Structure formats: structure tokens, C-alpha cells
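Per the UniProt record's numbering, the very first residue in the sequence shown carries number 1; after that it's consecutive.
Cβ atoms here follow ideal geometry from the backbone N, Cα and C, with glycine treated the same way.
Computed from a predicted model, the values in this text were never measured in an experiment.
Below is one structure; the comments refer to it alone.
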Amino acid sequence: MKNWENFKKTNENRMTPRAYFFSYSSIKKALTYQRANSNEFMLLSGKWNFNFYENPMLVPEEFYSSKMTDWAKVNVPSIWQMEGYGKLQYTDEGFPFPVDVPFVPTDNPTGAYQRTFFLNERWEDKQVIIKFDGVETYFEVYINGNYIGFSKGSRLTAEFDITKYLVKGENLISVKVLQWADSTYIEDQDMWWTAGILRDIYLIGREKVHVNDFFVKTKFDEKYEDATFTCDVTLENVTGEISKNNTLQYRLLDGDVEVFRGRIENIDVDITTEVKIKEEVKAPKKWDAENPNLYNLVLELIDGNGEVKEIIPQRVGFREIEVKDGIFYVNGKYLKLHGVNRHDDDPESGRAINMDRAVKDIELMKLHNVNSVRTSHYPNDPRFYELCDIYGLFVMAETDLESHGFANIGNISKITDDIEWKETYVDRIERHVHAQKNHPSIIMWSLGNESGYGVNIRAMYHKAKEIDETRLVHYEEDRDAEVVDVISTMYSRVQIMNHFGENPHPKPRIICEYAHSMGNGPGGLQEYQNVFDRHRCLQGHFIWEWIDHGVLDKTIKDKKVYRYGGDFGDYPNNNNFCMDGMLLSDQTPTQGLVEYKQVISPVKIREKEVGRYEVENRYWFSNLDDITIHAQVVAEDEVLTEKLYKITGLNPEGKSEIVVDIPEDNRELFVNFKVKKDSKTLYAPENYEIGVYQFKIHDRKFVEAKYENYNATELEVIEDRLEYKIIGSTFQVTFSKVNGQLVSWIDNGEEIIGRAPKINFFKPVIDNHEQEYDDLWHPNHLQIMQEHFRAMEVIKEEGKVLVKVNSLIAPPVFDFGMRCEYIYEIAKEGQINVKLSGKKYGGYDDIIPKIGFEIGINKDFQTVKYYGRGPEENYQDSCKSNIIGVYKNTVDGMFFNYPYPQDNGNRQDTRWFSLTNHYGKGIFVIAKDAINFSAWNYTQENIHEATHTDKLVEADYITLNIDHKVLGLGSNSWGSEVLDSYRVYFRDFEYSFTMLPFDKWNNNEVTLSKFEY
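Structural data, given as C-alpha cells:
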């Protein structure tokens, strides 16, 4: 049987799993933690000779023992599909070949990798190990023509002892990689199907007697003050003879200060020998995600002659996890995990990411108040966990397991509950736990994802506990928590989470995936957070997911265009379902991440009454001594007062109060709070913002919107066969008698209108509304609603002209729609007061995208200024991170370029806005009741129909949306529907606003004072 189809064999000649560490020749080098400084370390990553075959049988025999000098070169690490070989395919669930366990396609894409490396005399007396940190999917290793072994487990470390096959000088390594194997059936994570050597390969030269493994543990006393430190060390001897009188010297350092030191002497090392270090530590600094205090453990192995053979460093965090009465605690402290699900992904190299990108991911998490990460759905590069130790993130460390594709044959547990597969499952958690067991950041092991439930999950749990009893174990599909320590669900709606909170389970509960972040969204995060905050038994939540999995199209040079499922001729595929991150593929944060930052801000401010505000500390391990609250009382864009507040000694979950003096002012007043962290951190400068809050003091006083125009004259109405023209001193407005539309508005010789306005109930569909579109809007033809002109009336009164237009707006085929009325009141000064209304008829009264008004505006009016909620896009259920104020931007600057084009850029709670050209001339809009507005350089139709950003074509005008109601976002691309309070229904409506010609430099300038706020 082929090894890659024999699920009973997970490997051949692979070494037993152990902790990830390196040995050094000096303490100075050791404390750099740079593997390049370690003893006999040789990185083999770089350019390798490479050839691609559609079938492993086609790999030539000479490949294993002879140099392939005429082959192409590829990068290692890399994904070969990203290097131009093979085919990319994206499926969320579903195997891209017939399900015939354990068999895979006969034509099995195969990569043959080869390079040489040179060894000098320093390596001659060493045990030499070759280490692979990740290879997709199955690989075989050959050294100098000798078969070494094979391994499965794409994102798990594999080590092989190659000592006896090496020669001094040049050595040849050949690695054969197959894309498909029996292990593919349990590596069906939601991601691209790819293959290759995706992480580093390197050689390690070890002393014949060496430290092979160790496990650091810390445990606090009952008061969580003093701690017991233990370290179980396994020494190994590969000489075949007993090595006598070895000494293991150890010390724990806090910076330059030695906390303790000790020696274990007269150690005789046979094949393996275990020793135990145990020390009592007085009042150690604790490690947690807010205060990632780390010590340095230094192990020194000294032989019988007194020679130091190796020095091993290990960062140590004093951290303890325990469960009491259904709640888990870290260091005796209650906490909640505010997390994200993170895949490895790079738009140019796929899962073969570099560590700079990982560092940026972690820095962005910390900047956005994220305190935890789930490594969905496989182990990360070992260095990622080191970064989490250093920066401070709680980690749910998930192993490389998912068999989601079996859901398509009606039995997701097909092999998960098959005892024949037990060894394969257990092998994965065993390797994972051993490799990463010394990281304080890891507080939970996760057995995998979406693989059903059965005997093999139970076996994995028991193996994890056998190796490491100090951490919790998670697996979502053990839904009754038969074995796992933490009960979990996915995408449970707000109401269900509240039910869980009101009816606590005996074990701690989290939601490991929620709020699907696809495209514009997610919405409704605050409602979720309200429930999480209400119930102590709900202890964690992880957004799906961190980053888009787009593939950069390098053939397009002038813009970033990302490809997704189906763009590579791949079928079946799940289209753009891989574009579901809170970061775009280039690590640009979306507004969804900014909103999440605000919702989980660790400092909460609430209004008790005007001028009195409650501050709550929602850190779990820190007081607020390092926090400054900046308070401003603001009237529109004028700051009336500002003051800084320090709240010292406020412990976690504690509350305090601040009082803000409110000045007298007749304008609309707000008190704005910005919460800032004083000190500089690894990831942010001093005074970086962690939250923002706004509370209204009182409303504005509104009078009819008009402005002074000293040159105004009585209006003249000219009617001809097809048009009405209303002419003032400096302007002319034209209405069509054919369809009742406002077709022209010329002010001082410049045309304002680029496309006639219309009442509009549709907008470009966002990913989170695709189900509504498919189930409701498209079947009812809301996207192609027609407007039919019914009547028009023009009435001239003193100082103004009224134009009343009646239309029917309805879809074809059906007998429902809206009977609408436009009332345009044109004043002699040049303003147009617009009143819009509609009366529904027929049977459709379900949700719709919006109720609004769309008008094409002069393309030159690219400068935007507004008084509303900002500075970034916001919607009913995604607005906590944006506050009401006066903002300046451009039309392009207000447009968020989602890789799959969709509605974006809405600004709600808008009082007024202007669009002007380079010379300050344009249009000004003001409303009595707050409105939504957005402005695009593209048409609604183009945005709706485009599937990629390169399909967006700039229009000859600006599409300006002045909207009464806009549907909330929700996260129903794979999550919660829009909550009832944020829905827009096809029902009667009425709203109004005023449009004015605007000229910054002439005497008809619009100023706020003229509206008597």
C-alpha cells in the first residue's frame, strides 16, 4: 500500500516529539534567542532546484541521488501554486476529489525539491537532525541518495536523525512532496488547497549527550503570591555507552537579577535519563496578556570533565490556569477572552508567511484591544507562540485537524468516530502539545475544528491531559462537554448566548467563532458584547476571522486586485467566502476591526446623568494608573472645554466616577471622551487611544434652512413642451415634463447635476446581505425596480416655486410597490427644499436595503465636509467607534475599497454636508432630522455588478446618496441576521432635507450661524 494512502502509518523514522528550543555556546548568545546564534544551526531555506509532476510516479529515479542541475528554482519556504506550478482551488468545505477513504487522486500533484549543503569538521562529532516546521501535505526525505523517512501532518514539526548518512563537505538533500494523502481527509480547513514546503527547513547539530526535552511548570500558593517552579528535563545519550558524572546547572533570571540557581550533579545518562528541577520563588511577577512579565531560565549541561556542552534558554512566565465552580481563572483572576481566529495568510505567498507579517498581525491585535487568539485551525510557526509570550496574548492553540468535507456525505464524524484512525488523531495532538508546552501564552489546547465527534476526540483529549494536565482542553463539537474542559459553540445568536448565560453549564463556556467578518461588517457586535458582559459564565469570544485570504493579481500593476475561489478555473469552489477577515489581505484594518476595538475597550464609560459619568475598569489584571481620560465639551466643531482625568488605584471590574463641567451654549452639545494609555509599549507609542465615547448634552435648535443671497430676485417659470425652467438671479433649475425628473441645476454657470435624482430602495449588496438578496430581494426584483411617472404640478408662490411629482416605484412582474411623491420647493435665494414620501401598496412588507434618494453630482465636487458620525464609515449596528463631529475628506477617501465591491462609506447621524470643487464651489445639504449620506465615484449599478475592484469604472459624476434609513449590517454571510431594531422595512415613509448651491468665497457662502443652531 502506498505510504500516502496508508492512514495506519503517520510517519517513518520521524523522531519522537519534543519541545521547541535551541542550544547555545554562551549565555550571551543564548539570551538573544536567535536560532542563527545557536550551536551548529544551518538554515536550509532559500532557493531550491524544483520540478513539478502531475503524478509521483513521474519523478525520475536519479532525483534521489543525483543533482538536477537543469531544473528551475523556487523559494523555500513557499507554496508551489504561488510560484506558478499546479492549480489553486478554494473550498470552505468539501474535498476536491471523490470521497474514497483513504484513497486520493491517482494524478497527485508532486513537487521534487533538491539542493546541496556543506558541512565542515564542526559537524563531525555531532548528532545531526533535519527539522521541517511545516510541509503540505506528505513528504519524503533523501540524503545523498539514502531514504530517510516520511511524515504527514502539514502544519506540525517533523524531525529526522540524518547523522549516519552525511559526509564532510557537500551533501545532497532531495525532498518529494505530494499534495494529496490520506491525511488530507483530516486537513480540510476553510482555506485554499495548496502544497509545498511552507515553513523553514534547518539542520541542528547536537552533542552526543544532550538535553532532548524539558517541560516548565509554575504553580502558585493559595494566595497567588509565591510560586513553585518545576522543570522536568529529559537527557539523551546517543553514544551507546553510559555517560557519567554529568551536571545540569540552572538559573532563573529577571533581567540581570538572578532569582535562583542550582545544580543537579553526578547524573549518569543512559539512553534517556530524567531529572527534575524544583524551586520555591517568592512573589514572582505574574505573566498575563496585559502584563507579559517573562523570566529567563538558563539550563547548562556540563560533562564529567567540567566542560559546558550546551546552554539552553527558555522564557518563563509564572502563570496558572484553573477552574472553580464552572469559571476558569488565570493566576486566580477572573477574565474574559476577547479574541480573533487567525489563519496564516499572505496574498503573495499564501500560508508560507514570513515572521514580519506575524509580528504585524500581533501588533495590530494588541492595538485593537484583542487579548486572545485562536490559531485556527492548525499550529502556527513555533516562533508565533514566542511572540505571543512577549507581546501578551492568551492563545487557544489548535492542532492540525478538520474533516469538514464529510458533512457533504452526511457523516462529518465518519473517521472521527472510527477507532482505526485513533493513532492518526492522537499523533497530531501529541506532537502539537509537546512542541509548544513551554509557552505561558497558551492557556488552552484545542483538539481541532469541525470534525464531528467520536472515539478519536476522546482519545486526543486524554493524550493531551496525559502530557499536560496544567491547561484546559477545548473542542467545539464536543457539545455536551463529555470530555473537554471548556464548552463551546459557533455562531450562536445573541438570544441563544443570553440563554446560555442565564443557564450556566457546569463547565466554562466560550463562543469560538461568531460575527462573520466578510466584506462590510460585521454588525451587531455591541449587542453581543452586552450579553457577554452581563454573564460571568460566558468567558470568551473569537471573531471569525482575522484576515482575508485573497491572492494578489500581479498582472495588474496600477491597483491591488485580489483573486478568490473560481478565479483560477477551480471548480467546485466557494467563491469569495475566503475574503472574510477583519483585515484586508494586505493587513489593512477594516472598520469592522476598529468597531471591535471599541466594543471590547477595557475602559468603559457610561452616563449616569448629564455631567456625571461612570468609569469601569474592564482590564482583568491591571488597574487604570497608566490610563488618562481626555474629556472635551464640543459644540459642532468648536471645543468649548477640555480636561484630563486620572483614576488611580481602580482595580479590575471596579467602578469610579468623574464629573464634567458643562458650559452654557445653545448649540448642540456633546461631551467626548478619549481613553489613552500613557506609556509606550512594544506595539504602540505613548498616549495611544484605546477607546472613545460620546454623550449628547442637548440637541440643537433648528429653524428652516435658508441662506442669504442679496442678489436674489423673484423667480421666473418658463414652460415649453418638454420642460419647466425655474430661473433665479444666479441659477436655473430644469424639470422634465416627460418623466418629472430634476434634470438640471445650474448655479453661476456651473451644472450641479450629473444624473437626475430618484427615490431609491436598493443599494449594492454587501456580503452580509447576500442571503436576503438571494431569498428576498432578487426573487422580488428589488434590484430592478422601475419608476413610472404619474403626475406633475408646478405652483408659483411669492418667493418660491413648488414642483410636485407623483410616481410609482415598483418591480416588474408583481403587484406591489410604493406610490411616491417628490416635493421640490425652489426658493428665490437658490436653495431647494426637498420633501420625499411614499405610500406602500401590495403584499410585500419585508426588509429592504434602504429608503433613500440618489442623485448624480458634478464630478468636480470631490472635497467633502460634514457634520455627522465619523470619521469612518458607519451603520446602525456598527457605529460605536465613530462619534458625531465635523470631518473633512474626499469622495475617494470616504470610499472603502472592499476586494469584492459592495455598498460602503455610509455616514449616519448627519446634520449637514458639502461637496465642493478645488475652488470651494459646490453643493451643501442640511436636514432637520439626521440623515445618512455616502458619495461614490462609481454608479450603484457598477458597484453592485462588479466582482473585483478592477471591474469598478469611474462614472462621469459622483453618486450621492441622501438616505432616510439604511439597513444594518449584521453578519449573515455566516452568522447573525440583522437584529430587528436595525432593519428597514418596505413601508410608508416621509423625510426632507435642503440642498443649496455653495460657494466658499462669494457672499452666498453657507455658514452655520445662518441656520441659527
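Just confirm the distance between the C-beta atoms of Gly-153 and Thr-16, as a whole number of angstroms; I'd bet it's less than 8 Å.
-> For the purposes of this step, residue 153 is taken as the residue at position 153 of the sequence shown. For the purposes of this step, residue 16 is taken as the residue at position 16 of the sequence shown. Not quite, the Cβ-Cβ distance comes to about 14 Å (not below 8 Å), so this is no contact.
With respect to 7 Å, is the separation between the Cβ of Asp-767 and the closest non-hydrogen atom of the ligand GDP below this value?
-> Only the bare structure without any ligand can be found here, which leaves the ligand GDP out of the picture.
Starting from Tyr-461 and walking both ways along the beta strand (DSSP E), at which residues does that stretch end?
-> Taking the first residue of the sequence shown as 1, we reach residue 461 at position 461. Tyr-461 -> not in any beta strand (DSSP E); alpha helix (DSSP H) instead, spanning 455-467.
Expected contact under 8 Å - CB spacing of Gln-179 and Asn-108 to nearest Å = By one-based count along the sequence shown, residue 179 stands at place 179. By one-based count along the sequence shown, residue 108 stands at place 108. The pair is a contact, with the Cβ atoms about 6 Å apart (cut-off 8 Å).
Over what stretch of residues does the alpha helix (DSSP H) that includes Glu-502 continue unbroken?
-> To locate residue 502, count along the sequence shown from 1; it is residue 502. 494-502 is the span of the alpha helix (DSSP H), which, as asked, contains Glu-502.
Going by C-alpha distance, which of Asp-356, Trp-445 and Asp-909 is nearest Pro-379?
-> Position 379 of the sequence shown, counting from 1, holds the residue named residue 379. Looking at the Cα atoms, Trp-445 is the closest of the given residues.
For Asn-972, collect the residues of the same chain with a Cβ closer than 6 Å to its Cβ; drop the 5 residues on either side in sequence, then sort them by chain order.
-> Within the sequence shown, residue 972 is the residue found at index 972, counting from 1. If we look at Asn-972 and ignore the five residues flanking it on each side, its Cβ neighbours are Asn-768 and Gln-771.
Near Glu-797, what residues of its chain come up, given a Cβ to Cβ distance below 6 Å and the 5 sequence neighbours on each side ignored?
-> Translated into positions along the sequence shown, residue 797 becomes position 797. Here the set comprises nothing.
Smallest Cα separation from Gln-591: which of Glu-527, Arg-374, Ser-881 and Gly-817?
-> Locating residue 591 in the sequence shown gives position 591, counting from the first residue. Checked all of Glu-527, Arg-374, Ser-881 and Gly-817; the closest Cα to Gln-591 is Ser-881.
Among the residues of its own chain, which have a CB less than 6 Å from the CB of Val-209, if the five just before and after it don't count?
-> For the purposes of this step, residue 209 is identified with residue 209 of the sequence shown, where counting begins at 1. So the list reads Asn-237, Ser-243 and Val-269, once near-sequence residues are dropped.
Check whether the Cβ atoms of Thr-470 and Ile-321 lie closer than 8 Å to each other.
-> Here residue 470 is taken as the residue at index 470 of the sequence shown, counted from 1. Here residue 321 is taken as the residue at index 321 of the sequence shown, counted from 1. Against a cut-off of 8 Å, the Cβ pair of Ile-321 and Thr-470 comes out as a contact.
What residue range is occupied by the uninterrupted alpha helix (DSSP H) comprising Thr-424?
-> Numbered from 1 along the sequence shown, position 424 holds the residue referred to as residue 424. Here the alpha helix (DSSP H) through Thr-424 covers 422-436.
Please name the residue in Asp-254, Arg-428 and Glu-423 whose C-alpha comes closest to that of Ala-397.
-> Walking along the sequence shown from the start, residue 397 turns up at place 397. Checking every option, the nearest Cα to that of Ala-397 belongs to Arg-428.
CA-to-CA distance, Glu-265 to Val-483, given in whole angstroms | What you label residue 483 is simply residue 483 of the sequence shown in a count that begins at 1. What you label residue 265 is simply residue 265 of the sequence shown in a count that begins at 1. Approximately 42 Å, taken between the alpha carbons.
Whose CA, out of Ile-647, Tyr-866, Pro-663 and Lys-324, lies closest to the CA of Val-634?
-> Here residue 634 refers to the residue found at position 634 of the sequence shown. When each option's Cα is compared against that of Val-634, the closest is Pro-663.
Can Pro-899 and Thr-959 be called in contact, C-beta distance under 8 Å?
-> Residue mapping note: residue 899 aligns to position 899 of the sequence shown, counting from 1. Residue mapping note: residue 959 aligns to position 959 of the sequence shown, counting from 1. Cβ distance not < 8 Å, so Pro-899 and Thr-959 don't count as in contact.
Could you give the distance in angstroms between the alpha-carbon of Tyr-688 and the alpha-carbon of Pro-292?
-> By one-based count along the sequence shown, residue 688 stands at place 688. By one-based count along the sequence shown, residue 292 stands at place 292. Roughly 19 Å between the two C-alpha positions.
So Ser-622 and Asn-833 are in contact, right, with Cβ under 8 Å, and what is the actual spacing, rounded?
-> By one-based count along the sequence shown, residue 622 stands at place 622. By one-based count along the sequence shown, residue 833 stands at place 833. Ser-622 to Asn-833, Cβ: 54 Å. No contact.
Since Ser-441 and Asp-389 are thought to touch, with beta carbons under 8 Å apart, how far apart are those beta carbons, to the nearest angstrom?
-> Translated into positions along the sequence shown, residue 441 becomes position 441. Translated into positions along the sequence shown, residue 389 becomes position 389. Confirmed, Cβ separation roughly 5 Å.
Cβ of residue 1026 within 8 Å of Cβ of Leu-401?
-> The displayed coordinates of the chain run from 1 to 1013. Any statement about residue 1026 would go beyond what the structure contains.
Give the C-beta separation of Arg-122 and Ile-173 to the nearest angstrom, bearing in mind that I take them to be a contact with Cβ-Cβ under 8 Å.
-> If you number the sequence shown from 1, residue 122 lands on position 122. If you number the sequence shown from 1, residue 173 lands on position 173. Between Ile-173 and Arg-122 the Cβ distance is about 19 Å, and since that is not below 8 Å, they are no contact.
Comparing alpha-carbon positions, which option in His-630, Tyr-619 and Cys-820 lies nearest Lys-333?
-> By one-based count along the sequence shown, residue 333 stands at place 333. With distances taken between Cα atoms, Lys-333 lies closest to Tyr-619.
State the Cα-Cα distance for the pair His-474 and Ser-488, rounded to the nearest angstrom.
-> Within the sequence shown, numbered from 1, the residue matching residue 474 stands at position 474. Within the sequence shown, numbered from 1, the residue matching residue 488 stands at position 488. Distance between the alpha carbons of His-474 and Ser-488 is about 8 Å.
Looking only at its own chain, which residues have a Cβ that is under 6 Å from the Cβ of Gln-189, when we skip the five neighbours before and after it?
-> By one-based count along the sequence shown, residue 189 stands at place 189. Result list for Gln-189: His-377 and Glu-402, in chain order.
In terms of DSSP beta bridges, what is Arg-907 paired with?
-> Stepping through the sequence shown from its first residue, residue 907 is reached at position 907. Beta-bridge pairing links Arg-907 to Phe-933.
Locate the alpha helix (DSSP H) running through Pro-382, then write down its first and last residues.
-> Here residue 382 refers to the residue found at position 382 of the sequence shown. Segment 382-391, the alpha helix (DSSP H) holding Pro-382.
Have a look at Val-233, Phe-542 and Asn-296 and flag the residue whose alpha-carbon is nearest the alpha-carbon of Ile-256.
-> Numbered from its first residue, the sequence shown carries residue 256 at position 256. Checking the sequence, you will find Asp at residue 256 rather than Ile. Minimum Cα distance to Asp-256 is reached at Asn-296.
What did DSSP end up calling Gly-262 once you bin it into helix, strand or coil?
-> For this step, residue 262 is matched to residue 262 along the sequence shown. Here Gly-262 sits in strand by DSSP.
Is Arg-18 closer than 8 Å to residue 1014 when the C-beta atoms are compared?
-> Lying outside 1 to 1013, the shown extent of the chain, residue 1014 is not represented and no answer is given.
Buried versus exposed call for Lys-655 [16 or more other C-beta atoms within 10 Å across all chains shown] | By one-based count along the sequence shown, residue 655 stands at place 655. Exposed, by the Cβ-count rule.
Between Asn-13 and Val-599, what straight-line distance do the alpha-carbon atoms span, to the nearest angstrom?
-> Mapped onto the sequence shown, residue 13 falls at position 13. Mapped onto the sequence shown, residue 599 falls at position 599. Rounded to the nearest angstrom, the two C-alpha atoms are 50 Å apart.
Backbone CA spacing between Val-455 and Thr-247 [nearest angstrom] = Within the sequence shown, numbered from 1, the residue matching residue 455 stands at position 455. Within the sequence shown, numbered from 1, the residue matching residue 247 stands at position 247. Cα to Cα, the separation comes out at about 44 Å.
Supposed close pair Val-966, Lys-835 - CB separation, criterion 8 Å | If you number the sequence shown from 1, residue 966 lands on position 966. If you number the sequence shown from 1, residue 835 lands on position 835. Contact doesn't hold; Cβ gap of about 19 Å is too wide.
How would you call Val-639, buried or exposed, if buried means at least 16 neighbouring beta carbons within 10 angstroms?
-> Numbered from its first residue, the sequence shown carries residue 639 at position 639. Classification of Val-639: exposed, given that the 10 Å Cβ count is below 16.
Cα-Cα, which of Arg-374, Asn-711, Val-426 and Leu-525 is closest to Glu-545?
-> Stepping through the sequence shown from its first residue, residue 545 is reached at position 545. Of the candidates Arg-374, Asn-711, Val-426 and Leu-525, the one whose C-alpha sits nearest the C-alpha of Glu-545 is Arg-374.
Whole angstroms is fine: what's the gap from Lys-989's alpha carbon to Ile-327's?
-> For this step, residue 989 is matched to residue 989 along the sequence shown. For this step, residue 327 is matched to residue 327 along the sequence shown. The question names Lys, but residue 989 in the sequence shown is Phe. About 49 Å.
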